[in-house]
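K.L.:
Handing you this structure, nothing more for now.
In this note's numbering, the protein residues as written are 575 to 858.
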């Protein structure tokens, strides 16, 4: 297990992109690293963990907050018992620098052996997440609202919608610029939806993993003062259109299963609900 330098972030992102597959599980996406870049390159590098064998990266983890490790695993290594054992040991021992002591969580792709080993070691099943996917082989309809691609001129409005959609968000115009200036954003778009009065009502960021691979929505939000008018569905449809233009094979997103409003919004935009994924939790 190792932590990359800033120069190694692009390599980790390329690995994650190569592992995205419509036939495989929804897992950590290069767009997750791209969105984390709002905190800067150094902090992003410090939050990444990689597991390798004979010089080949087999798994990438992102400390998405102080107590949650999200994992992406190479398709050929999902059932690799040796890798699973190593990862489980590294995650379970705070001194190894993956997760701290106390209550922590691990989110791994479905089918990986690591969670099974953790469960045997006293970890418990935690809150379920619902992944959703929409195939992009067919054209996507018009979203029905005015949608524009966010550039520097719209960055302040984009950030304001984010804060209004998520009460604890610390997203700012400066942080948008950090995201947009980072290499992963070359395969991304921020979109802003406006109502008939020209007010910014919803926003989304989409991330391509390359031609013919699943693209990611991370994040999507509707301004708290403009909910209940179908803007979440509209901006999600716009996100699907943008990813299709970027060459993505599908659009994927995941949300807490308990967030039934979000699940309903994504389903209304044509995304198909997939089987829930389960986090694992270690109590304090």
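Quick reminder that beta carbons are idealized off the backbone N, C-alpha and C, glycines included.
Opposite residue 809 in the DSSP bridges: which residues?
P.N.:
Bridge partners of residue 809: none, in fact.
K.L.:
Determine whether the beta carbon atoms of residue 637 and residue 683 lie at a separation below 8 Å.
P.N.:
No, the pair does not count as a contact, with Cβ atoms beyond the cut-off.
K.L.:
Under a Cβ-count criterion, where at least 16 other Cβ atoms within 10 Å of its own Cβ denotes burial, should residue 803 be classed as buried or exposed?
P.N.:
Burial call: exposed.
K.L.:
Decide if the stretch 685-698 is in contact with the stretch 812-830; the criterion is three or more beta carbon pairs, one per stretch, under 8 Å apart.
P.N.:
No, because fewer than three Cβ pairs between the stretch 685-698 and the stretch 812-830 fall closer than 8 Å, the two stretches do not touch.
K.L.:
Could you please give me the residues that DSSP links to residue 540 through a beta bridge?
P.N.:
With the chain covering 575 to 858 only, the question about residue 540 has no answer from this structure.
K.L.:
Comparing C-alpha positions only, which one of 749, 776, 645 sits nearest to residue 809?
P.N.:
Selected option, being the one with the closest Cα: 776.
K.L.:
Using beta-carbon positions only, say whether residue 789 and residue 780 come within less than 8 Å of one another.
P.N.:
Yes, the Cβ-Cβ distance between residue 789 and residue 780 is below 8 Å.
K.L.:
Give the straight-line distance between the Cα atoms of residue 767 and residue 661, rounded to the nearest whole angstrom.
P.N.:
Approximately 42 Å between the Cα atoms of the pair.
K.L.:
Taking all protein chains shown into account, do 16 or more other C-beta atoms lie within 10 angstroms of the C-beta of residue 711, making it buried, or fewer, making it exposed?
P.N.:
Flag for residue 711 reads exposed.
K.L.:
Just tell me which of 650, 582, 618, 811 has its CA closest to the CA of residue 639.
P.N.:
Among 650, 582, 618, 811, the Cα nearest to that of residue 639 is on 618.
K.L.:
Provide the residue(s) that pair with residue 720 in DSSP beta bridges, ordered along the chain.
P.N.:
DSSP output for residue 720 lists 768 as bridge partner(s).
K.L.:
Rounded to whole angstroms, what's the CA-CA distance from residue 863 to residue 852? Just pull it up for me.
P.N.:
The structure shown has nothing for residue 863, since the chain only spans 575 to 858.
K.L.:
Report all residues from its chain with a CB closer than 6 Å to the CB of residue 843; omit the five preceding and five following residues, and keep chain order.
P.N.:
Taken in chain order, the residues that qualify are 807, 810, 811.
K.L.:
Below 8 Å on the Cβ atoms is my guess for residue 629 versus residue 590; work out the distance and round it to an integer in Å.
P.N.:
Not quite, the Cβ-Cβ distance comes to about 18 Å (not below 8 Å), so this is no contact.
K.L.:
With three or more C-beta pairs closer than 8 Å as the rule, is the stretch 583-597 touching the stretch 725-742?
P.N.:
With a cut-off of 8 Å, the stretch 583-597 and the stretch 725-742 do not count as touching, because too few Cβ pairs lie within range.
K.L.:
With C-beta atoms as the reference, is residue 796 less than 8 Å away from residue 704?
P.N.:
No, Cβ-Cβ distance for residue 796 and residue 704 is not below 8 Å.
K.L.:
What ranges does the beta strand (DSSP E) occupy inside the stretch 682-743, keeping only unbroken runs of at least 3 residues that lie completely in it?
P.N.:
For the stretch 682-743, whole beta strand (DSSP E) runs of length 3 or above, ordered along the chain, are 698-709, 720-723.
K.L.:
On a Cα-Cα basis, can you pick out the residue from 582, 765, 724, 830 that is closest to residue 794?
P.N.:
For the residues 582, 765, 724, 830, the minimum Cα distance to residue 794 belongs to 765.
K.L.:
Pick helix, strand or coil for residue 627, following the three-state DSSP scheme.
P.N.:
Here residue 627 sits in strand by DSSP.
K.L.:
Quick one: Cα of residue 667 to Cα of residue 674, how far?
P.N.:
Their backbone Cα atoms lie some 8 Å apart in a straight line.
K.L.:
Pick out whichever of 845, 659, 782 has its Cα sitting closest to the Cα of residue 687.
P.N.:
The residue with the shortest Cα to Cα distance from residue 687 is 659.
K.L.:
How about residue 859 and residue 750: do their beta carbons lie closer than 8 Å?
P.N.:
Because the chain in this structure spans residues 575 to 858, residue 859 falls outside the shown range and cannot be described.
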